[in-house]
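Chains as they are written, first to last, in the working numbering: chain A, 1 to 321; chain B, 322 to 642.
Written below as structure tokens is the structure these notes are about.
Protein chains: 2
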Amino acid sequence: MNRAKEMADQIVRGDRLGVARAISLVENGSDMSQEILERIYSKTGNGYRIGVTGPPGAGKSTLVNKLARFYRNAGLRVGILAVDPTSPFTGGALLGDRIRMTDVELDREVFIRSMASRGSMGGLSKKAKEAADILDASGHEIIMMETVGVGQSELDIAGAADTTVVILVPESGDGIQAMKAGLMEIADFFVLNKSDRPGADQAVMSIKMILGFRSTGNSWTPGVVKTVASEGTGIQEVVELVASHRQFLEQSGGLQRKRKGRLDRKIRELIEEQLQVDFWTRHRQEALQRGLDLVVNRNQTPYDVAAKLISDFRKEVDLHT
Amino acid sequence: MNRAKEMADQIVRGDRLGVARAISLVENGSDMSQEILERIYSKTGNGYRIGVTGPPGAGKSTLVNKLARFYRNAGLRVGILAVDPTSPFTGGALLGDRIRMTDVELDREVFIRSMASRGSMGGLSKKAKEAADILDASGHEIIMMETVGVGQSELDIAGAADTTVVILVPESGDGIQAMKAGLMEIADFFVLNKSDRPGADQAVMSIKMILGFRSTGNSWTPGVVKTVASEGTGIQEVVELVASHRQFLEQSGGLQRKRKGRLDRKIRELIEEQLQVDFWTRHRQEALQRGLDLVVNRNQTPYDVAAKLISDFRKEVDLHT
């Protein structure tokens with residue numbers, strides 16, 4: 001108990017080591033992390049969260065690197081979470097990315113943390129959001145969450161940002177269009193990186209065309225910025241677009257709505273998790289195993305087994321309250 | 322009630338229209354679909370499920386098409402589920418795929434159904450598995466589930482198969498390696514399609530190299546088959562590999578284990594769903610809204626709100642039992 005309070009205090013004081021340790025606890029799914037997160041919650045809400053996502057090789061890390069430097073020069077404290085939901089099996093892409101980030105890493109005022117999946121993708125998305133809360137409570141005014149955009153869990157992480165930037169390259173052609181479909185919907189704006197390569201103007205046009213199909217229910221219209229992140233070209237424009245999107249959100253009440261939506265999802269997730277813990281006692285896990293044998297032998301259906309376990313749960317909850 | 326029984330009977334009789342209607346009910350999340358699935362459950366278990374997945378443009382539909390024709394010629398009843406989890410926003414890739422499948426579609430003995438995401442990806446994966454149960458109960462001896470392999474939900478669908486085939490092309494280079502990481506782990510074997518293109522042998526070698534890193538805990542080792550599906554080259558080999566994997570599973574007890582694992586997950590999903598329904602009564606949804614306002618104003622934490630709702634649930638369950 002005291003340890004959690006101590007760590008929460010360290011975080012709120014902005015202690016780097018405390019922040020790093022707390023994120024490790026979150027990553028390892030330690031019980032203490034929950035208590036720490038509860039304790040720091042009231043200190044969150046000041047960090048502005050920027051999600052950066054896009055296909056492998058689009059230059060996410062380079063862009064994030066340059067943005068971090070820009071914000072640092074403006075005197076802001078910057079935190080970076082590089083989240084890699086691809087399996088540890090072939091991994092390595094991210095390692096390469098991180099090596100390229102060393103010039104920012106040398107700056108002690110930028111906190112960088114890589115988080116990789118260890119099997120469970122859903123879990124990673126939750127942990128990344130909790131790590132962002134820790135960075136937020138510890139005084140990071142800009143929090144960037146970088147993910148490879150290839151699946152639902154990455155969309156979840158990007159969806160946890162105030163402003164979501166989707167980065168593409170001229171080579172992202174028709175073939176992987178489908179793959180990016182989800183990205184199209186979450187982007188607050190697009191960055192076409194490596195725009196000194198052939199096909200850049202065409203790519204910008206095709207993104208704009210696809211954006212044209214989007215309903216314009218609210219008054220923010222996502223645009224496209226061309227960058228060559230490795231040379232710093234276009235970074236200023238990206239910073240400006242983030243700023244105008246932020247202003248738009250703040251003035252339209254959209255920021256409040258977005259954050260409320262995030263809290264809504266968070267509460268639902270906490271409840272879902274707790275219900276699972278409550279439900280899957282050892283005794284019901286054993287009952288499931290017995291039920292499975294009956295189902296395999298076609299003496300019961302999975303629906304029967306589920307119904308029986310549910311009714312058993314209702315009785316047990318009854319006994320304990 | 323009677324209507325569900327009637328439809329279940331139609332399915333078990335192998336009535337095409339009944340099957341199509343039942344899958345529509347599943348797709349629309351109709352209440353009746355649950356009862357139908359319960360009624361037909363005892364008739365499932367005879368269809369062999371083949372998952373075919375891979376990146377967009379790899380030629381999944383063409384391969385599935387040729388395999389279907391092969392199995393048909395062997396006198397087997399074939400069902401195909403083409404599942405497209407990409408958003409309906411940019412969609413269209415799948416439509417093109419389906420158009421190429423017309424020669425199989427003309428054969429009345431092959432049942433083909435496209436299922437597309439309508440927002441909820443998790444939901445689609447569940448519905449695809451339920452549709453496979455319907456095809457199974459209606460006497461389809463071979464059930465192929467085709468998905469674009471780019472995310473968790475596709476892996477789920479592929480994981481619902483007895484044999485999972487991952488299809489790649491020579492062009493699937495390093496850049497999208499990370500994206501395919503998940504695929505590497507679920508493949509029972511690989512098909513390198515369009516293997517008449519440059520780089521085919523290199524691609525086969527690099528797949529084999531990656532496979533080399535896989536632990537060989539069980540005695541099945543995934544191989545790689547080269548195909549040019551559009552010309553029918555290599556189809557016989559694919560069929561043979563499916564057959565030897567099936568034989569391996571049957572003899573090693575792996576098929577039983579796989580199916581038991583699927584049932585285990587199914588029961589857990591049914592329970593999770595029911596717990597959510599039980600939990601989110603109108604009264605607790607309203608309490609959540611009130612709680613959210615307190616959290617937004619920093620008078621409570623999301624953890625407080627979740628804990629209160631959980632304790633409220635326990636009391637209510639208490640009252641009702």
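For each residue, glycine too, the CB sits at the ideal point set by N, CA and C.
My parser needs the alpha helix (DSSP H) runs of 4 or more residues fully inside the stretch 519-582 of chain B; what are they?
Fully enclosed alpha helix (DSSP H) runs of 4 or longer: 521-533 and 556-573.
Short check: CB of B/F600 to CB of B/F634, under 7 Å?
In terms of Cβ geometry, B/F600 and B/F634 form a close pair [threshold 7 Å].
Sort A/K315, A/Q274 and A/A160 by Cα distance to A/R257 and report the nearest one.
Of A/K315, A/Q274 and A/A160, the smallest CA-CA separation from A/R257 is found for A/A160.
Beta bridge counterpart(s) of B/A437 as assigned by DSSP:
B/D405.
Does any CB atom of chain B fall closer than 7 Å to the CB of A/E38?
Yes, A/E38 lies at the interface with chain B (some Cβ there is under 7 Å from its Cβ).
B/A268 and B/I357 closer than 7 Å at C-beta:
This structure gives no information on residue 268 of chain B, because the portion of chain B shown stretches from 322 to 642.
Length of the line joining the Cα atoms of A/L241 and A/I210:
Looking at the two C-alpha atoms, the distance is approximately 20 Å.
Of the choices B/S351, B/A343 and B/E462, whose alpha-carbon is the least far from that of B/G366?
For B/G366, the nearest C-alpha among the options comes from B/E462.
Comparing the C-beta of A/V169 with each C-beta of chain B, is any distance below 7 Å?
Chain B contact via Cβ: absent.
Any C-beta of chain A sitting closer than 7 Å to the C-beta of B/I592?
At least one chain A Cβ lies under 7 Å of B/I592.
C-beta atoms of B/Y624 and A/E38 nearer than 7 Å
Against a cut-off of 7 Å, the Cβ pair of A/E38 and B/Y624 comes out as a contact.
Flag B/P519 as yes if its beta-carbon sits less than 7 Å from any beta-carbon of chain A, otherwise no.
Taking 7 Å as the CB threshold, B/P519 stays off the interface with chain A.
Which term fits A/H283, buried or exposed, when burial requires 16 or more other beta carbons within 10 angstroms of its beta carbon?
By the neighbour-count rule (16 or more Cβ atoms within 10 Å), A/H283 is not buried but exposed.
Could you tell me the alpha carbon to alpha carbon distance between B/I631 and A/R21, rounded to whole angstroms?
Going from the Cα of B/I631 to the Cα of A/R21 covers about 30 Å.
Residue closest to A/Y71, alpha-carbon to alpha-carbon, out of A/Q236, A/L263 and A/V296
Among A/Q236, A/L263 and A/V296, the Cα nearest to that of A/Y71 belongs to A/Q236.
Residue burial classification, A/M184 (beta-carbon count within 10 angstroms, cutoff 16):
That one is buried.
DSSP on B/F634, reduced to helix/strand/coil?
B/F634: helix per DSSP, three-state reduction.
Answer with yes or no whether the minimum CB distance from B/R324 to chain A is below 7 Å.
Closer than 7 Å to the CB of B/R324 there is not a single CB belonging to chain A.
Below-7 Å beta-carbon distance, B/F569 vs any chain A residue:
The beta-carbon of B/F569 is placed no less than 7 Å from the nearest beta-carbon of chain A.
Under 7 Å by beta carbon: chain A residues contacting B/I631
In chain order, I271 and Q274 make up the part of chain A whose C-beta sits under 7 Å from the C-beta of B/I631.
Classify A/D156 as buried or exposed, calling it buried when 16 or more other Cβ atoms lie within 10 Å of its own Cβ.
Counting the other Cβ atoms within 10 Å of the Cβ of A/D156 gives 16 or more, which makes it buried.
A/A68 beta carbon less than 7 Å from that of A/V110
Yes, the pair counts as a contact, with Cβ atoms nearer than the cut-off.
So A/L63 packs on A/I167, CB below 8 Å; how close in whole Å?
Yes, they are in contact, since the Cβ atoms of A/L63 and A/I167 sit about 6 Å apart, within 8 Å.
Here's a check: name, in chain order, each residue in its chain whose Cβ is nearer than 6 Å to the Cβ of B/K501, leaving out the five neighbours to either side.
Confidence at B/K501 is low in this model, with a pLDDT of 49, below 50, so its placement is unreliable and the value that follows should be read with caution. Answer for B/K501: no residue qualifies.
What separation, rounded to the nearest whole angstrom, lies between the Cα atoms of B/E348 and B/S435?
In this model, B/E348 and B/S435 are separated by some 11 Å (Cα to Cα).
Taking the alpha-carbon positions, what's the B/L346 to B/R337 distance?
Here the C-alpha atom of B/L346 lies approximately 14 Å from the C-alpha atom of B/R337.
What do you get for A/A187, buried or exposed, if any count of 16 or more other CB atoms within 10 angstroms of its CB means buried?
Looking at its Cβ environment, which holds 16 or more other Cβ atoms inside 10 Å, A/A187 is buried.
Please return the same chain residues whose Cβ sits closer than 7 Å to the Cβ of B/Q674, not counting the five positions on each side in sequence.
Chain B is shown only over 322 to 642; residue 674 of chain B falls outside these bounds and no answer can be derived.
Short CB-CB distance (under 7 Å) between A/I11 and chain B
Not an interface residue.
Grouping DSSP H, G and I as helix and E and B as strand, with all else coil, what is A/F265?
Per the sequence presented here, residue 265 of chain A reads as Arg, with Phe not at that position. DSSP, read as helix, strand or coil, puts A/R265 in helix.
DSSP-derived helix/strand/coil call for A/G14
In the structure shown, A/G14 falls within a coil segment according to DSSP collapsed to helix, strand and coil.
With a threshold of 7 Å between beta-carbons, can B/L613 be considered close to chain A, or not?
Yes, B/L613 counts as interfacial toward chain A.
For B/T468 and chain A, any beta-carbon pair shorter than 7 Å?
For B/T468, no Cβ of chain A is located within less than 7 Å of the residue's own Cβ.
Indicate whether A/L192 and A/V238 have their beta-carbon atoms separated by less than 7 Å.
No, the pair does not count as a contact, with Cβ atoms beyond the cut-off.
What three-state label does DSSP hand A/R290 in the structure shown?
Looking at A/R290 - three-state DSSP - the assignment turns out to be helix.
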